[in-house]
Every structure is written in C-alpha cells, then in structure tokens.
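Enquirer: Quick one: the structure is below, and I'll ask about it shortly.
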Amino acid sequence: MSATPRYRFAPSPTGYFHVGGARTALYNWILALQTGGTFVLRIEDTDESRNHPQWTEGILDALEWIGISRTDPHFEGPYFQSANAAAHVGAAERLYAEGRAYYCDLTTEQIQERAKASGRPGYDGHSRDRGLGPGPGRVLRFRVPEGTTVVRDEVRGDVAFEHATIEDFVLLRGNGSPVFLLANVVDDVAQRISHVVRAEEHLPNAPKQQMLWEALGERPPSWAHVPVLVNEARKKLSKRRDKVAMEQYREEGIVAPAMVNYLMTLGWAPGGDTEIVPFARIVEEFRLGSVNHSSAFFDVTKLGAFNAEYLRAMSTDEFVAACGPWLAPPRATWDPARFDAATFRAMAPLVQTRVQSLGEVPAMVGFMFADAPELDEASVTKTFGAPWAAALLGELRGTLASCEWRADALKGEVERAGERHGQKLGKAQAPLRVAVTGRTVGPPLFETLELLGREAVLRRVDALWDRVARA
RNA sequence: GGCCCCAUCGUCUAGUGGCCUAGGACACCACCCUCUCAAGGUGGCGGCACGGGUUCGAAUCCCGUUGGGGCUGCCA
Numbered sequence: 229m230s231a232t233p234r235y236r237f238a239p240s241p242t243g244y245f246h247v248g249g250a251r252t253a254l255y256n257w258i259l260a261l262q263t264g265g266t267f268v269l270r271i272e273d274t275d276e277s278r279n280h281p282q283w284t285e286g287i288l289d290a291l292e293w294i295g296i297s298r299t300d301p302h303f304e305g306p307y308f309q310s311a312n313a314a315a316h317v318g319a320a321e322r323l324y325a326e327g328r329a330y331y332c333d334l335t336t337e338q339i340q341e342r343a344k345a346s347g348r349p350g351y352d353g354h355s356r357d358r359g360l361g362p363g364p365g366r367v368l369r370f371r372v373p374e375g376t377t378v379v380r381d382e383v384r385g386d387v388a389f390e391h392a393t394i395e396d397f398v399l400l401r402g403n404g405s406p407v408f409l410l411a412n413v414v415d416d417v418a419q420r421i422s423h424v425v426r427a428e429e430h431l432p433n434a435p436k437q438q439m440l441w442e443a444l445g446e447r448p449p450s451w452a453h454v455p456v457l458v459n460e461a462r463k464k465l466s467k468r469r470d471k472v473a474m475e476q477y478r479e480e481g482i483v484a485p486a487m488v489n490y491l492m493t494l495g496w497a498p499g500g501d502t503e504i505v506p507f508a509r510i511v512e513e514f515r516l517g518s519v520n521h522s523s524a525f526f527d528v529t530k531l532g533a534f535n536a537e538y539l540r541a542m543s544t545d546e547f548v549a550a551c552g553p554w555l556a557p558p559r560a561t562w563d564p565a566r567f568d569a570a571t572f573r574a575m576a577p578l579v580q581t582r583v584q585s586l587g588e589v590p591a592m593v594g595f596m597f598a599d600a601p602e603l604d605e606a607s608v609t610k611t612f613g614a615p616w617a618a619a620l621l622g623e624l625r626g627t628l629a630s631c632e633w634r635a636d637a638l639k640g641e642v643e644r645a646g647e648r649h650g651q652k653l654g655k656a657q658a659p660l661r662v663a664v665t666g667r668t669v670g671p672p673l674f675e676t677l678e679l680l681g682r683e684a685v686l687r688r689v690d691a692l693w694d695r696v697a698r699a
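For the first sequence, the working numbering begins at 229 and goes up steadily by one.
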C-alpha cells in the first residue's frame, strides 16, 4: 500500500508573491487534486527573524485568490522551516558522526585565494582529511562521494551529474546554523514529501539534495524542474526589473481565473484550439510530462487579452459585483456620495466590452459621477479644430433643451444637426461627446445621455460652449 | 571559466518519423459591421537557428555548430 503523493510548495517569505511562484504553486496544487494527494505549504527561510507574519498572510491570501485554499482538505500547512532548526542541525551532526561530512576552518577569502592559485574555481576539499572537529567559525561540509548522480526528472528525463564537478558544499555555517539545501531536505524527509516540483533554477541543486537524501538513508523524491518565466530580454523575472507581484496584478483588476488560466498556458497547453479553458479542464488534462522544456516569456499583453475575455464572459451581475472594489475610495476618485449603483448597473454592459481590467472601469464611468467631466485637452483641440464643431454644439443647446429624452430620439436629433453641417453621425457626435464625457472615446453616447439626464447634459454642453464660442 | 538546461511564427504554444503545403492563441495589418472606442465577423502577414548524419521518408531520432538561459554563496 503506497501512501498518497505529497507535493510541497516552498516560497521564501519575501514580501510579495511572485508570478513564477504562483505557477509552480498551481502545478503542485493540480497534481495534488489529480492524485488525491496533499499540497504542503512550507515557508522557507532558515532565519526565523526574516519570517514576518504579514508576509506569510500575504502568501496565504494570494494562494487563496488563485483557488488554493488553506481550508481545503488537500491543503496542509503552513510549516515554517526555521521552526525545525534543531532537526536540521541534528541531521548534520549525524552525517558528521558517520564521516559523511567534515569541518573546515577556511574563510571565504582563503578559499578564493586557493582557487586563484590553483586555477580551479570553487572549494578544493582542503579540509577533507584534516580531521577537524566542530568549533567557532568552522563550517561543516558534505563529503561528496565519488561517482555520478542521475536525477530522474519528470519533465526533463534523466540528467547526469559527475560528482567530480560538485564541490563539498556547506551544511552548517560557521555559527552552527543550517543552510537551505540541508534544511530543505530534512524537512522534505520529515514531511514525507514524495514529489518536488519547482523551478528549473533549482536543477543544479537537485543532485546535491539527492545525495543528501541518500546519505540520510532515504529514497529520494520524484523530481520535476519546470522552465522559468522570463522577461522580454529573456532573463529570469526579477522584482527589480519586472512586474512580478501577483498582488499588483490583482490590484490592477486582473481577475483570478484569467491569471490562473494564463499562467497555465506558459509551458503547457490544453488540448484543442483554444487556450481559454475552465480550471476543471486544466485539472483534468494537465500532465507534468507534457510541460515544455524551454523558458517562457510572461506576456502582460496576452494576460490582458485573457482578462478581457474573462470579463466579457461574465453576466452583468457578475461583472457589477467584480467591479465593486473599484467603485469606491481609494480606487475611485469621485465623491462616493455621488455614486449611483443603479446608474452603474445600467452602464455596466456598455463598459464590459471596453475594458481589459477592472482597474480601467473608474476612468471610463467617472464622468457620470462628477459635476463636470474632466476635459481631455487633446480631445477638445482635435474635435473643435473642425470649423463646424462649435456651431453644431451651439445648435444642440436648443435642441437638447426640448427634444424627447430617449437614446434613439437623441441620436436622431444629433444626426439631423450633423446633416446641416454636412457631417455624418460618426463625426457629428464628437462635440457632444467631448462636452459630456470629456473625451473623444468612451461608451455609446446616446444611452449615456439618457442615463445622465437632460439637466446634467445641458449644463455640460453650456459649459463647453461658453469656452469654445469665445475662442 | 566550469557544470547543467534549452532551441517551431515577434510572443505563448500544437506537433512524440508519413495525417505538416507546420495548426491555434496573443500582437500586428486590411476589410465588414458601426454614433466614438471597443466587441464581433472575414481575410492577411509571419516560424521548424545552422550543418551533418540515420531513414524509403525528419519539425520530430543522433552528432556537431551557433545562439539563449540557469547555477557556480557560510542567500533561499
């Protein structure tokens, strides 16, 4: 009887949740779901002082957002690596007692000098047979045995590493604290992790960790190293250069299912001719063996396209609900007292096909909830550069004051006014649009006018007329 | 420098020796629709890095070259 698979996801608490991390979290989660296994969350930092509770909450919150819930039966954790320090040291001491590790008193500078002198970079195994015992400033190094380690990787196949190319790496620092490599393995053993699915950048660590598993008398886990996410320069995504925080995309109004779906198309593709697929189908179809081997560019434009599609697929009610957080301070800049939910509800279908992210919504409807629109000067200049524009706007003042106040009737009036100036509706609507909304682009005008009401519209037309008539 | 990984349109990918005259998606362009902008519809542009093999047959297998990336810490 074999135990159910246990997948571990081990982000480091850095204050934000990396999109690349989100993808590997998703891989682990999906695998756990498929196998009835467990998703084990471990917050990895050997130094407890760097484990800030709010960062852990941030990670938990971001995971929840993409559907990985700590209350789900498949979820286990969070565990804290730093809480297990005693076990890490204990394992190291065991390896020392068994002769699989040895102490070394060389400083980093001394190692570099020796490397320079010999022409071979890295640590040369100087203290291997010096029989040093533990002591302040002395590090414990793993005695890499002779031979070869083959890492069986579920996405890459077998990868062989000659031990001769792997230096005797550090297990315990000069101050006695364990390093990540060791802590990671000891925790994996303790938590009975059976599958390690992580980013490719860890592949060079895999043989070292596998040796550690074996030295500890354990059977190594199944490995899978998935390709890294890169920027346009094809460099690994970094916080400094790139927009990598999940929190930021969420704040901008990217919707979770779109983010999840997009992330899953990086390095993998569902069957069929469409990439937009429900999560259930991804869970059904995903296979580690079909994950791509090469790095993938995180394309924000395509993410936006996915998001727009998800937004459009919502019902009006769903869309209105999703917009909620963006319609109030601090995201919305209008006076909350002026916001009218019914008006927004009526506008919603009009804006739904016109935004890529929820973050664009306030700017699109803001003119509805203000005394006067924010005039975009470029729009004013462009529109009223035409000689007939001001005159047409002037005529509309009278028409609008008395005509029937319905979208189709308003449209007819503007159409007729345009004809008098030899302008088709496409051109003729521009002056009115700028007067009312402040810009040349926006939601359909006549529905908007109807919603806004005669009084407000007239006020805005008068205001702009005063200005352009004088010019 | 050493070790390792990778290589299909600009980008993400489908492709596991014949179904490939290489399919889809994003982006881009054109047209249609249209009150602006979108959305939608139709069409278009555009790729197997290169060179050798293996094979009746190669995007697919092998070798090499070139190019890219990762690792190379007493960070994780």
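Each residue gets a CB set at the ideal place from its N, CA and C atoms; glycine is no exception.
So, is T529 buried or exposed, given that buried needs 16 or more other C-beta atoms within 10 angstroms?
Expert: Exposed: under 16 other Cβ atoms inside 10 Å.
Enquirer: Taking the Cβ atom as the reference point for each residue, do L400 and A314 lie within a distance shorter than 9 angstroms?
Expert: Not closer than 9 angstroms, so no.
Enquirer: Find out if the Cβ-Cβ distance for the pair L620, A656 is shorter than 9 angstroms.
Expert: Yes, these two residues count as a Cβ contact at 9 angstroms.
Enquirer: Label S522 either buried or exposed according to how many other C-beta atoms from any shown protein chain fall within 10 Å of its C-beta, with 16 as the threshold for buried.
Expert: Exposed, by the Cβ-count rule.
Enquirer: Have a look at G622, K463, F303, I294 and flag the residue whose alpha-carbon is nearest the alpha-carbon of P233.
Expert: For P233, the nearest C-alpha among the options comes from F303.
Enquirer: Suppose the cutoff is 7 angstroms on Cβ atoms and the five residues either side in sequence are ignored; what does the same chain contact list for A629 look like?
Expert: The residues are L686.
Enquirer: Nearest to E428 by alpha carbon, out of V519, S310, A645, V483?
Expert: The shortest Cα separation from E428 among V519, S310, A645, V483 belongs to V519.
Enquirer: Using DSSP with H/G/I as helix, E/B as strand and the rest coil, what is M229?
Expert: Residue placement at M229 cannot be trusted, given a pLDDT of 43 that sits under 50; what the coordinates show is reported in the next sentence. In the structure shown, M229 sits in coil (DSSP, three-state: anything other than H, G, I, E or B).
Enquirer: Taking A238 and R270 to be in contact with their CB atoms under 8 angstroms, please state how far apart those CB atoms are, rounded to whole angstroms.
Expert: The pair is a contact, with the Cβ atoms about 5 angstroms apart (cut-off 8 angstroms).
Enquirer: Return the chain-ordered list of same chain residues with a C-beta closer than 6 angstroms to the C-beta of V696, the five sequence neighbours on each side being excluded.
Expert: Closer than 6 angstroms at Cβ, skipping near neighbours: F612, A618.
Enquirer: Using the DSSP secondary-structure output, state which residues sit across from F389 in a beta bridge.
Expert: Answer by DSSP bridge pairing, in chain order: T377.
Enquirer: In whole angstroms, what is the alpha-carbon distance linking F534 and I504?
Expert: Their backbone Cα atoms lie some 7 angstroms apart in a straight line.
Enquirer: Rounded to whole angstroms, what's the CA-CA distance from L410 to L457? Just pull it up for me.
Expert: Straight-line Cα distance between these residues: approximately 26 angstroms.
Enquirer: So A576 packs on V608, CB below 8 angstroms; how close in whole Å?
Expert: Not quite, the Cβ-Cβ distance comes to about 28 angstroms (not below 8 angstroms), so this is no contact.
Enquirer: Which first and last residues belong to the beta strand (DSSP E) in which P306 is found?
Expert: Where P306 is concerned, the enclosing beta strand (DSSP E) stretches over 303-308.
Enquirer: Take G666 as the anchor and find which of Q651, A591, P615, R634 has the nearest alpha-carbon.
Expert: That would be A591, whose Cα lies nearest to the Cα of G666.
Enquirer: What does the alpha-carbon distance come out to for the pair G375 and I394?
Expert: Each residue's Cα considered, the two are about 11 angstroms apart.
Enquirer: Report the three-state DSSP secondary structure of T284 (helix, strand or coil).
Expert: Note: T284 maps to helix in three-state DSSP.
Enquirer: Drop a sphere of 10 angstroms on the beta-carbon of D636, count the other beta-carbons inside from all chains shown, and report buried for 16 or more, exposed for fewer.
Expert: Counting Cβ neighbours within 10 Å, D636 comes out exposed, since fewer than 16 surround it.
Enquirer: Is the beta carbon of P349 closer than 9 angstroms to that of W283?
Expert: No, Cβ-Cβ distance for W283 and P349 is not below 9 angstroms.
Enquirer: Could you tell me which residues DSSP puts in a beta bridge with W451?
Expert: Answer is D381, V424.
Enquirer: Which runs of the alpha helix (DSSP H), 4 residues or longer, sit entirely within the region 493-565?
Expert: Those alpha helix (DSSP H) runs which fall completely within the region 493-565 and span 4+ residues are 507-513, 528-540, 544-551.
Enquirer: Enumerate in chain order the residues of its own chain whose CB-to-CB distance from A684 is below 8 angstroms, with the five nearest sequence positions on each side excluded.
Expert: Once the five neighbours on either side are set aside, A684 has no close Cβ partner at all.
Enquirer: In angstroms with no decimal places, state the Cα-to-Cα distance between E442 and L431.
Expert: So the alpha carbons of these two residues sit roughly 17 angstroms apart.
Enquirer: Taking the beta carbon of T266 as the centre, do at least 16 other beta carbons fall within 10 Å, making it buried, or is it exposed?
Expert: Buried is the call here.
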